[in-house]
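Residues 89 to 416 in the working numbering are what the sequence shown lists, from first letter to last.
We put the CB at the ideal spot given by N, CA and C, even for glycine.
On a predicted model such as this, the values are computed, not experimentally measured, just so you know.
This report concerns only the one structure given below.
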Amino acid sequence: MTKTDILMPGPMMPSVIEALDRDFVLHRLWEQSDREAFLREVGPRIRGLAASTVAGRTDGTLLGHLPNLEVIASFGVGYDNVDVVEAARRGIVVTNTPDVLNAEVADLTIGLLIATLRQIPQADRYLRAGQWLKAPFPLSPTLRERKVGIIGLGRIGKAIARRLEGFDVSIAYHGRTRQEGVAYAYHPTLKGMAEACDVLIAITPGGASTKHLINAEILKALGPNGVLINVARGSVVDERALIEALRSKTILAAGLDVFEDEPRVPQELIDMENVVLLPHVASASVHTRRAMGQLVVDNLISWFEGKGPLTPVPETPWSAVELPAAAG
Ligand code: NAP
Ligand code: 8YV
């Protein structure tokens, strides 16, 4: 039986590459010296694509070379790296990797929150620099008696909230819609929640609808005792406004896992003592990245076995009646 041709624009985990090599003819775009010539020759044969943020955006330019593409399996629950509107227009199904990373990302978020408030990296640096020999580390801010507002109470937001319940803090949330059966206080406006809380945790999707959701006005509303934790996407926060708010003590501190121009992080943030900075690692354990990679593979296998996608994104909904006649 002839194997299906799959395109991988940028390198993915070895376990994903090995699994796809077994079941498909896997084409490695990043290894091609003449990308255009390669796509001209192989593009029409490609029926599946394994996408990741490493190779940049999967957009109309790339899709234009792939007239017979049926499915894009994207690595990560956030899929702002894929032009889903263009994919939907072309009848291509997009899948992501939801749920398998909820606990890992929520754990890291709690770790980042406490590290930011109790200044864990700063205290570590202090000890290593021999400063403890001269004086005790200064007293830190606290999580005690704080009001935490979660921006985006989705799958991961709820996992963060469940963990926060164990810390005896008050929990609120903001999203575009109030959720039935959720006991946390709902704030229809982000400004209202920022005024009512002294911690904001961002865990929304990226993309146009959330761009600079957290701007100078929101940071001012959060106030001088306020802490911002961003584990969503860099684009959700106006980074210039955040730098200014940290510098002017408009807010107290920030813990950031994501940035506007990754992997480049503004020097102003690197030089600041009231921030904790992580290189986009919220899901980055061996265990969870393996599960995410497996879901990319399983989506492609399921699709080409004619069983449909396992985890299609809402913008490219799928139902059994749309199964390609040739599949299976
Ligand atoms: P999800 O279940 O779809 O939840 C997303 C939440 O965001 C929903 O509650 C939604 O509520 C809210 N939301 C969407 N648009 C909004 C807007 N314009 N304003 C306010 N709230 C909005 O997604 P998830 O699985 O929890 O993942 C969330 C995101 O986390 C991902 O898309 C990704 O960007 C990020 N993430 C980051 C990492 C990392 O490594 N740092 C890892 C995993 C995920 P409404 O629909 O009611 O607005
Ligand atoms: C990954 C993420 O680090 O799932 C997401 O949305 O941001 C992370 O889990 C990222 O997708 C890897 O490129």
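> In terms of residue numbering, what span does the alpha helix (DSSP H) encompassing S103 cover?
Replying inline: Stepping through the sequence shown from its first residue, residue 103 is reached at position 15. It spans 102 to 111 - the alpha helix (DSSP H) in which S103 sits, taken as one unbroken run.
>> Buried or exposed for A413, going by 16 or more other Cβ atoms inside 10 Å?
In response: The sequence position of residue 413 within the sequence shown is 325, counting from 1. Here A413 scores only 49 on pLDDT, less than 50, and its place in the model is too uncertain to base an answer on.
>> Helix, strand or coil, according to DSSP, for A139 in the structure here?
In response: If you number the sequence shown from 1, residue 139 lands on position 51. Reduced to three states, the DSSP call for A139 is strand.
> Are the beta-carbon atoms of I302 and R251 separated by less than 8 Å?
Replying inline: The residue given as residue 302 occupies position 214 in the sequence shown. The residue given as residue 251 occupies position 163 in the sequence shown. No. Outside cutoff.
> Using the C-alpha atoms, what's the distance from I389 back to G416?
Replying inline: Taking the sequence shown and counting its residues from 1, one reaches residue 416 at position 328. Taking the sequence shown and counting its residues from 1, one reaches residue 389 at position 301. In this prediction, G416 scores a pLDDT of 37, lower than 50, which makes its location untrustworthy; the coordinate-derived value is nonetheless stated afterwards. So the alpha carbons of these two residues sit roughly 11 Å apart.
>> Do N156 and R178 have their beta-carbon atoms positioned less than 8 Å apart in this structure?
In response: The count along the sequence shown starts at 1 and reaches residue 178 at position 90. The count along the sequence shown starts at 1 and reaches residue 156 at position 68. It is not a contact, given that the beta carbons lie outside the stated cut-off.
>> Using a Cβ-based criterion (distance less than 7 Å to any ligand heavy atom), does L189 qualify as near the ligand 8YV?
In response: For the purposes of this step, residue 189 is taken as the residue at position 101 of the sequence shown. Answer for L189: yes, Cβ within range of the ligand 8YV.
> Taking H375 as the reference, which of G294, T90, T298, M101 has the closest Cα?
Replying inline: Taking the sequence shown and counting its residues from 1, one reaches residue 375 at position 287. Selected option, being the one with the closest Cα: M101.
> Buried or exposed: which applies to I291, given that a residue is buried once 16 or more other Cβ atoms fall within 10 Å of its Cβ?
Replying inline: Position 203 of the sequence shown holds residue 291. A buried status is given to I291, since no fewer than 16 other beta-carbon atoms sit within 10 Å of its beta-carbon.
> Roughly how many angstroms separate the alpha carbons of V401 and T149, rounded to a whole number?
Replying inline: Mapped onto the sequence shown, residue 401 falls at position 313. Mapped onto the sequence shown, residue 149 falls at position 61. When rounded, the distance between both Cα atoms is 21 Å.
> Opposite Y272 in the DSSP bridges: which residues?
Replying inline: As a working note, residue 272 is residue 184 in the sequence shown. In the DSSP output, where bridge partners are listed per residue, Y272 has none listed.
> Taking the runs of the alpha helix (DSSP H) that are 4 residues or longer, which of them lie wholly in the region 202 to 278?
Replying inline: Runs of the alpha helix (DSSP H) lying entirely within the region 202 to 278 and spanning at least 4 residues, in chain order: 208 to 216, 243 to 253.
> In terms of residue numbering, what span does the beta strand (DSSP E) encompassing M96 cover?
Replying inline: For the purposes of this step, residue 96 is identified with residue 8 of the sequence shown, where counting begins at 1. 93 to 96 is the span of the beta strand (DSSP E), which, as asked, contains M96.
>> For a test of your reading of the model: does the CB of T141 fall under 7 Å from any non-hydrogen atom of the ligand 8YV? Yes or no.
In response: Position 53 of the sequence shown, counted from the start, is the residue given in the question as residue 141. Distances from the CB of T141 to the heavy atoms of the ligand 8YV include at least one below 7 Å.
> What separation, rounded to the nearest whole angstrom, lies between the Cα atoms of N387 and V173?
Replying inline: Translated into the one-based positions of the sequence shown, residue 387 becomes position 299. Translated into the one-based positions of the sequence shown, residue 173 becomes position 85. Distance between the alpha carbons of N387 and V173 is about 20 Å.
> What is the DSSP secondary structure of R178, reduced to helix, strand or coil?
Replying inline: Residue numbering aside, residue 178 sits at position 90 when the sequence shown is read from its first letter. Correct three-state label for R178: coil.
>> Going by beta-carbon coordinates alone, are F392 and T92 separated by less than 8 Å?
In response: Counting from one through the sequence shown, the residue named residue 392 turns up at place 304. Counting from one through the sequence shown, the residue named residue 92 turns up at place 4. Annotated as proximal: F392 and T92, with beta-carbon spacing under 8 Å.
> Taking the Cβ atom as the reference point for each residue, do L108 and L117 lie within a distance shorter than 8 Å?
Replying inline: Residue 108 sits at position 20 when you count from the first residue of the sequence shown. Residue 117 sits at position 29 when you count from the first residue of the sequence shown. Going by C-beta atoms, L108 is not nearer than 8 Å to L117.
> Is P186 near the ligand NAP, going by C-beta to nearest heavy atom under 7 Å?
Replying inline: Working through the sequence shown from its first residue, we reach residue 186 at position 98. Correct: P186 has its Cβ closer than 7 Å to the ligand NAP.
> So is E192 buried or exposed if we call it buried at 16+ other beta carbons inside 10 Å?
Replying inline: In the sequence shown, the residue the question calls residue 192 occupies position 104. When all chains shown are included, E192 counts as buried.
> What's the gap between the Cα of G126 and the Cα of I239?
Replying inline: Translated into the one-based positions of the sequence shown, residue 126 becomes position 38. Translated into the one-based positions of the sequence shown, residue 239 becomes position 151. At residue 126 the sequence reads Phe, which differs from the Gly that was named. Cα to Cα, F126 sits roughly 43 Å from I239.
> Which residue from S373, P229, D122 puts its Cα closest to that of A194?
Replying inline: On the sequence shown, position 106 is the one that residue 194 refers to. Measuring C-alpha to C-alpha distances from A194 to each of S373, P229, D122 identifies S373 as the nearest.
> Taking the alpha carbon of P82 as the point to measure from, which residue in A342, R110, L95, T183 has its own alpha carbon closest?
Replying inline: Coverage of the chain is limited to positions 89 through 416, which leaves residue 82 absent and any answer about it impossible.
> Should the region 216 to 234 be regarded as contacting the region 273 to 281, the criterion being three or more beta carbon pairs within less than 8 Å?
Replying inline: No, the region 216 to 234 does not touch the region 273 to 281.
>> At a threshold of 7 Å, does H275 count as lining the ligand NAP (C-beta to nearest heavy atom)?
In response: Within the sequence shown, numbered from 1, the residue matching residue 275 stands at position 187. Because no heavy atom of the ligand NAP lies under 7 Å away, the Cβ of H275 does not count as near it: no.
>> Please classify V142 as buried or exposed, where buried requires at least 16 other C-beta atoms within 10 Å of its C-beta.
In response: For the purposes of this step, residue 142 is taken as the residue at position 54 of the sequence shown. Exposed, because fewer than 16 other Cβ atoms sit within 10 Å of the Cβ of V142.
> On the premise that A139 lies in contact with V170, defined as a C-beta separation below 8 Å, what is that separation, rounded to the nearest angstrom?
Replying inline: As a working note, residue 170 is residue 82 in the sequence shown. As a working note, residue 139 is residue 51 in the sequence shown. The pair is a contact, with the Cβ atoms about 6 Å apart (cut-off 8 Å).
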